[in-house]
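Reviewing the structure listed below.
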Amino acid sequence: MMIRNSDIAEIFDRIADYLEVEGDNPFKVRAYRNASRTIRGLGPEVKEMVAGGEELTELPGIGKELAAKILEILETGTAQALEKLKQNVPAGVIEMLKIPGLGPKRVSLLYHKLKIESLAALKEAAEAGRIQALPGFGAKTEQHIREAVEVLSQRPTRISIALARPWVDRLLDDLRRVPGVIEAAAAGSFRRCQETVGDIDILVTAAEGSPVMERFISFEEVGQVLAQGETKSSIVLRSGLQVDLRRVGQENFGAALQYFTGSQAHNIAIRRIGRQRGLKINEYGVFTLDGKIAGETEESVYGALDLPWIPPELREDRGEIEVARKGRVPELVELSDIKGELHSHTSATDGRSTLEEMALSARRCGLKYLAVTDHSQTLRMVGGLDERRLLAQIKEIERLNARLKGIRLLKGIEVEILMDGSLDLPDPVLQQLDLVIGSVHSGFRLPARQQTDRILRAMDQRFFSILGHPSGRLINERDAYAVDLAAVIGKAKERGCFLELNANPQRLDLTDTWCQMAKEAGVLVAINTDAHSVGEFSLLAYGIGQARRGWLEKKDVLNTRPLNELRTLLKRTMG
DNA sequence: GACGCATACGTCACACTATGAAAATAGTG
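Adding 41 to a residue's 1-based position in the first sequence gives its number in my numbering.
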């Protein structure tokens, strides 16, 4: 049994949840959460570290007790401490924490006073009006709870592409080692770089007699085997993620890859064209009445319809077939087109790496420039910069720029957009920067009209370069705030400022369709990782995937510009 | 529960604000 760091972190987080609901020592709760974060952010697997004789208590936030618990988890897959907590408090109670507006205190009250032990019971109580009678609750809260339970139960079980990626890598790696396997590739929404995936589709070709199916269903992480056949098997991983494996002959690989990559809408459209021409297209190839005419490669499948190959990210039947027919498939932006990063944090606020570490890491990643954009003063919980500290950082950046070769640091800030649409630092300070990112981190629940006005007002400020994570959503955790993005795009066009595509796989806003709209409006998009540590520049790949889904080309992306061109563009936003 | 100074115990990162309650909780990266 392979226990991964994320498994350990998950258990610690769960223990913290229980302790919190039970009203245990808040510092103890924090200790578990800190440990969880430490483990989650670790590069190497704890299991390997232990095997290598490393002392876990050397890790920050891990003492004697937690080190022992980690060993216990590695050995047994769980911690007795958690099992005991589970006996005292039903799991449904912990689930209630997922409802916005319900924290540990209120959940505890609901559990102890009303004996509510599940989301279903919570909904029932809310509908019966029993909740507003509790101290600390009212009619509004009760209404929110009713709606939230509804939303939560409808929430599809798709997971972030970033959570799927390690599984895909491992599975492909394992499958390629199986004797007889020729090719292994991921298809489906993963290949199309959708922000979330419902399951993983993998396609293999293998020589006759290859034990690829047997090996697949005995993959060490398999929780359940749903189906096992000659050409198709399905498993559910212990993590709950379903994986389908399909096996075809090498001569059919292209057709199968095309078919299983989808999307369904794209495939329907493609087949319709085939039918008009008297062709039959399926996962084995393209056929005339006389027999097969294509199928070994994807190019051959599209070629049989006189179409050029279409990048998977575009295959949504959103006009890609029409442009392909005209020979005008966009040349989508690529990772290697990106020249620099325009949104990053340092240990001056909530980043975990110093300014210099970030600069050196950016240089190692091949970036030519890096904008340092820490938070501003009102975001106090992360130690946002006030005027004095920002000016000090500017000085530090200038010193580093004088010293470092091969990377240029840009002076910036991720400034809070306040409730009234003003910015969190005065103009004379902002004026000294190379760029200003404005972001919303509070007041998420404003009505659409107010939220939009607030953001538009911010974009109208004299110094405003980029609107950071424009919708504020956290995938599977928090919905976008209500904002009229069409109006935002219009304002960006009018003001000559830019919109961010936040590459953090949890965010990925702008979404694909909004990227497309920005492009059509002629508004440049900045693909930013929002890196909080040196390792996070690698998140850029997710942003590129999303940008490609949004039809963005190199010319549509702000940070594909070399430094001098970038400076010219930024200057127009700085007064 | 970790940690540091000390070997038993005190301290532990922030701090403001929206919400919706009538004082407190939750949310924000």
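By construction, the Cβ of each residue, glycine as well, lies at the ideal position given by its N, Cα and C atoms. Please read all numbers here as calculations on a predicted model, not as lab measurements.
Does the Cβ-Cβ distance between R503 and D468 come in under 8 Å? A contact, by the Cβ cut-off of 8 Å.
Do V190 and L216 have their CB atoms nearer than 8 Å? no
Return the CA-CA distance between A247 and V289, expressed in angstroms with no decimal places. Using only the alpha carbons, I get a separation of about 8 Å.
Quick check: L193 and L151, are their CB atoms within less than 8 Å of each other? For L193 and L151, no; Cβs fall outside 8 Å.
Round the Cβ separation of E382 and L346 to the nearest angstrom and send it over; I've been treating them as touching at under 8 Å. Not quite, the Cβ-Cβ distance comes to about 40 Å (not below 8 Å), so this is no contact.
Bounding residues of the beta strand (DSSP E) (the contiguous stretch that carries H482): It is not in any beta strand (DSSP E) - H482 carries neither H nor E in the DSSP assignment.
For Q317, is the classification buried or exposed, using 16 other Cβ atoms within 10 angstroms of its Cβ as the cut-off for buried? Q317 is exposed by the Cβ-count criterion.
Between which two residues does the beta strand (DSSP E) containing H416 stretch? 410–416
Would you kindly work out how many angstroms separate the C-alpha atoms of M460 and Q434, rounded to a whole number? 26 Å
Can you tell me which of A109, E113, L126 puts its alpha carbon nearest to the alpha carbon of L60? L126
Do H384 and T609 have their CB atoms nearer than 8 Å? No. Outside cutoff.
Same chain, Cβ closer than 7 Å to G264, five either side skipped, listed in chain order: V277, L278, R279
Environment of N143 [buried if 16+ CB atoms lie within 10 Å]: The sequence given here has Leu at residue 143, not Asn. Its Cβ being crowded by 16 or more others within 10 Å, L143 is buried.
Out of Q547, T390, V566, which one is the CA nearest neighbour of G619? Residue coverage of the chain in this structure runs from 42 to 616, which leaves residue 619 outside it and unanswerable.
Could you tell me the boundaries of the alpha helix (DSSP H) in which V456 lies? Looking at the DSSP string, V456 is not in any alpha helix (DSSP H); the run it does join, the beta strand (DSSP E), is 449–457.
Which whole-angstrom value describes the C-beta separation of G229 and D242, a residue pair presumed to lie in contact below a C-beta threshold of 8 Å? 3 Å
Considering only residues of the same chain and omitting the five flanking positions on each side of A544, which have a CB-CB separation below 8 Å? I568, N569, T570, D571, L580, L581, A582, Y583, G584, I585, Q587
Can you grab the Cα-Cα spacing for the pair G64 / R486, in whole Å? 28 Å
Cα separation between A72 and E113? 18 Å
Counting only the same chain and skipping the five closest in sequence on each side, list residues whose C-beta sits under 7 Å from that of A400. L411, L441, L445, I448, L450
Got a sec? Which residues, its chain only, sit under 6 Å from T272 by beta carbon, not counting five neighbours each side? R288
Buried or exposed (CB count within 10 angstroms, at least 16 for buried), T79: buried
Between F53 and R74, what straight-line distance do the alpha-carbon atoms span, to the nearest angstrom? 7 Å
Endpoints, the beta strand (DSSP E) within which E262 is located: It is not in any beta strand (DSSP E) - E262 carries neither H nor E in the DSSP assignment.
For D597 and V564, what's the separation of their Cα atoms in angstroms? 8 Å
Cutoff 8 Å; reference A335; Cβ partners in own chain excluding five residues on either side: G295, A296, G326, V327, S341, V342, G344, A345
Candidates A174, E261, G453, of which the one nearest K612 by Cα: G453
R519 burial status per 10 Å Cβ neighbour count (16 or more: buried): exposed
Under 8 Å, do E357 and R589 count as touching if we go by C-beta distance? no
Could you please give the first and the last residue of the uninterrupted beta strand (DSSP E) stretch that includes E541? 539–543
Tell me whether the beta-carbon of L497 lies closer than 8 Å to the beta-carbon of V477. no
Ordered along the chain, which non-local residues of its own chain (more than five positions away) have a Cβ less than 6 Å from that of F178? I172
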